[in-house]
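Undergrad: Residue numbers (our numbering), protein chains in the order written: chain A, 1 to 140; chain B, 1001 to 1055. Just so you know, even glycine gets a beta-carbon here, dropped at the ideal spot from N, CA and C. Here the structure is a predicted model, which is why all the values come from computation and not from measurement. So that we are looking at the same thing, I have put the structure below in structure tokens.
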Amino acid sequence: MVKAEHMQAEEVPGTAWLTGLAAWFIPGLGHVLLKRWFRAILMGGAVWVCFFVGLAMGGHLFDLSSEGSWVILQVPPMIANLGTGALYIVSWLIGYGFADDPVRAARATYEYGNTFLLIAGLLNYLNMLDAFDVAAGRKP
Amino acid sequence: MRHFLVMALFAGLASIVFGAMAKDSTRERLIYGLKVFAEFMVIGLVLSWILYFIP
Chain A
1 MVKAEHMQAE
11 EVPGTAWLTG
21 LAAWFIPGLG
31 HVLLKRWFRA
41 ILMGGAVWVC
51 FFVGLAMGGH
61 LFDLSSEGSW
71 VILQVPPMIA
81 NLGTGALYIV
91 SWLIGYGFAD
101 DPVRAARATY
111 EYGNTFLLIA
121 GLLNYLNMLD
131 AFDVAAGRKP
Chain B
1001 MRHFLVMALF
1011 AGLASIVFGA
1021 MAKDSTRERL
1031 IYGLKVFAEF
1041 MVIGLVLSWI
1051 LYFIP
């Protein structure tokens, strides 16, 4: 009986899902919608800075453009990059940041740039989860 | 020097997010963020010295 009560699914309001989606799509927007201004600037700002510093250092974003069986190796980093939401989508639409040419790869900061871009997406997934938890009332 | 600054920037950005989403009070968050930052820096420096001696 007690176990069954514990296993009962927790009710999550629909707005929490929308807030999470907004937080993913535009870094910081989730916390803005929750009126957590300071947290939005800190957490969202960190993602924006990480993303643009990554691009400025010559890093590249991953997609599924590789041919053959190697394409499977592109999936994990692409999932990480996709965490930046609209930043990734806009870059993909305008075709900026996806080139993996030798000149770019020769830059000393190339790998740093890749890492910053990957981490920007992963940090935004954390932002998204935080915004979701706050909207669902699980966190203050 | 540039490598160190990039590492510090990386540690700073990551620790901001980690610190902001952890703990309950502002003071605890600040302390946790600083702790994460210090951990990133110390581990980064230790790893770089280990790799320095590996040919």
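(1) Report the residue from A:ALA22, A:ILE119, A:PRO140 and A:PRO27 whose alpha carbon sits nearest the alpha carbon of MET78 of chain A.
(2) Nearest to PHE62 of chain A by CA position, among A:ALA80, A:CYS50, A:PHE52 and A:VAL47, is which residue?
(3) Where TRP148 of chain A and GLU10 of chain A are concerned, what is the direct C-alpha to C-alpha distance, given to the nearest angstrom?
(4) Count the other CB atoms within 10 Å of the CB of TRP1049 of chain B; is the residue buried (16 or more) or exposed (fewer)?
(5) Any beta carbon of chain B sitting closer than 8 Å to that of TYR112 of chain A?
(6) Can you name the residues of chain B whose CB is closer than 9 Å to the CB of HIS39 of chain A?
(7) Quick check: what's the CA-CA separation for ARG36 of chain A versus LYS1023 of chain B?
(8) For the stretch 1013–1030 of chain B and the stretch 46–56 of chain A, state whether three or more C-beta atom pairs, one from each stretch, are separated by less than 8 Å.
(9) Counting only runs of 4+ residues fully inside the stretch 52–130 of chain A, write out the alpha helix (DSSP H) ranges in chain order.
(10) Restricting to Cα atoms, I'd like to know which of B:LEU1047, B:PHE1037 and B:MET1021 is closest to LEU129 of chain A.
(11) Who are the Cβ neighbours of THR19 of chain A in its own chain at under 6 Å, not counting the five residues just before and after it?
(12) How close, in whole Å, do the beta carbons of GLY1012 of chain B and PHE1037 of chain B come, if the pair is a contact with beta carbons under 8 Å?
(13) Where are the beta strand (DSSP E) runs, 3 residues long or more, that stay fully inside the stretch 1001–1028 of chain B, in chain order?
(14) With 9 Å as the limit, tell me which residues of the stretch 34–58 of chain A have their beta carbon closer than that to any beta carbon of chain B; keep them in chain order.
(15) Quick check: what's the CA-CA separation for VAL71 of chain A versus LEU64 of chain A?
(16) Just to confirm the assignment, what range does the alpha helix (DSSP H) spanning LEU21 of chain A have?
TA: Let me lay it out:
(1) A:ILE119
(2) A:ALA80
(3) Past the edges of chain A, shown from 1 to 140, lies residue 148 of chain A, and the structure says nothing about it.
(4) Residue environment: TRP1049 of chain B is assigned as exposed (fewer than 16 neighbouring CB atoms within 10 Å of its CB, all protein chains considered).
(5) yes
(6) Per the sequence shown, the amino acid found at residue 39 of chain A is Arg instead of His. Near ARG39 of chain A (Cβ distances below 9 Å), the residues of chain B are ALA1020 and MET1021.
(7) 16 Å
(8) yes
(9) 71–82, 86–94 and 102–105
(10) B:MET1021
(11) GLY30, LEU33, ALA131 and ALA135
(12) Correct: roughly 6 Å between the Cβ atoms.
(13) none
(14) PHE38, ARG39, LEU42, MET43, GLY45, ALA46, VAL47, VAL49, CYS50, VAL53 and MET57
(15) 6 Å
(16) 14–25
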